[in-house]
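Here our numbering is used: position 23 in the sequence shown is 23, and no number is missing along the way.
One structure is given here, and the rest of the page talks about it.
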Amino acid sequence: MAIKLTNTHVGTIYSQTRLLSYKTLFSWYSGLLKPKPIKPPHKHIIQIGDPRLRAVSQPVPYDDIYTEKIQSLVKHLAGIFKKYNCIGLSAPQVGVQLRIFIMGLNEKSLQEYSPKERKLKEITLIKPMVIINPEVKILDFKKLVFSESCGSIKGFCADVPRYYSLELKGFNEIGEHINMNATGFTARIIQHEMDHLDGKLYTDSMDRKTLSCTCWEVVNDRNGKVELPYGPV
Ligand SMILES: [Zn+2]
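In structure tokens, the structure reads:
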């Protein structure tokens with residue numbers, strides 16, 4: 001059946017077409033402006049609140065250690081570790097739920113602690129190492145309480161109790177067995193990173209009253225005009 005179009009009909013059709021066009025254009029432009037979801041591994045350290053920091057990470061099948069996927073992840077982690085001047089970094093902190101962490105403490109990091117602090121906390125140089133599928137056995141259940149911070153809880157620190165000594169087993173990035181004993185600060189780093197692999201953060205075991213902003217004095221000195229970088233500086 002033929003429909004005779006009046007001026008009103010034509011106007012309505014025109015308006016609807018124009019409305020549709022605006023909507024289409026708007027959604028097209030929005031798509032251009034909206035950042036695409038970035039897939040892990042991230043080039044930054046993810047922050048507390050991100051549900052991926054609360055997941056229990058999966059072990060790496062031994063035969064996968066040599067695969068491109070794991071080798072490139074280890075390389076990526078090592079890059080972030082260096083860029084952020086870390087002493088410990090786990091795969092979940094770049095958004096990957098695999099049981100891998102890196103630790104190391106170089107001369108530059110060591111100098112950031114006073115001789116008194118080094119002695120008290122037993123802070124020593126640690127050769128950089130990758131640990132895949134780490135397992136820990138506590139050797140000395142005595143707990144030491146010292147201040148701790150985390151790249152995933154940027155700008156804060158708190159006192160955290162950690163066992164004094166432990167045995168660490170696992171594999172390095174070329175599949176060789178790692179078996180070492182650690183005490184003091186090194187044992188602390190290992191326990192901190194093990195917690196990350198189990199979806200735990202130091203805020204779960206800290207002395208809550210000691211939670212502090214690491215730059216609260218600077219905030220006062222600069223009348224509050226302080227911004228924290230969430231990328232490398
Ligand atoms: Zn951490």
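The C-beta atom is built at its ideal place from N, Cα and C for all residues, glycine as well.
Asked, Found
"CB-CB under 7 Å to G95, same chain, minus the five flanking residues each way: which ones, in chain order?", "P40, P41, H42, I46, R52"
"Out of curiosity, what's the CA-to-CA distance linking N220 and N133?", "44 Å"
"With 16 as the cutoff for other CB atoms within 10 Å, does W216 come out buried or exposed?", "exposed"
"Please state the DSSP three-state secondary structure of H44.", "coil"
"So what does Q58 bridge to, in DSSP terms?", "L98"
"Indicate the three-state DSSP secondary structure (helix, strand or coil) for K137 in the structure shown.", "strand"
"Which residues neighbour ligand 1 when neighbourhood means a C-beta less than 6 Å away from any of its non-hydrogen atoms? List them by chain order.", "C150, G151, S152, H192, H196"
"What's the C-alpha gap between K108 and C86?", "11 Å"
"Compute the Euclidean distance between the alpha carbons of N307 and I102, then round it to the nearest angstrom.", "Residue 307 lies beyond the range of the chain shown here (1 to 233); nothing can be said about it."
"CA-CA distance, I189 and C150?", "10 Å"
"State whether the stretch 61-75 contacts the stretch 202-217, with contact taken as three or more CB pairs (one from each stretch) at a distance under 8 Å.", "no"
"So what does DSSP say about E217, is it helix, strand or coil?", "helix"
"For the beta strand (DSSP E) holding I178, just list the boundary residues, first then last.", "177-183"
"According to the neighbour-count rule (16 or more other Cβ atoms, all chains shown, within 10 Å of its Cβ), is E193 buried or exposed?", "buried"
"Measuring straight from C-alpha to C-alpha, what distance separates S57 and L73?", "14 Å"
"Would you mind sorting T124 into buried or exposed? The rule is 16 or more other CB atoms within 10 Å of its CB.", "exposed"
"Just grab the DSSP bridge partners of I131 for me.", "F101"
"Taking the C-alpha atoms as reference points, what is the distance between T186 and P128?", "12 Å"
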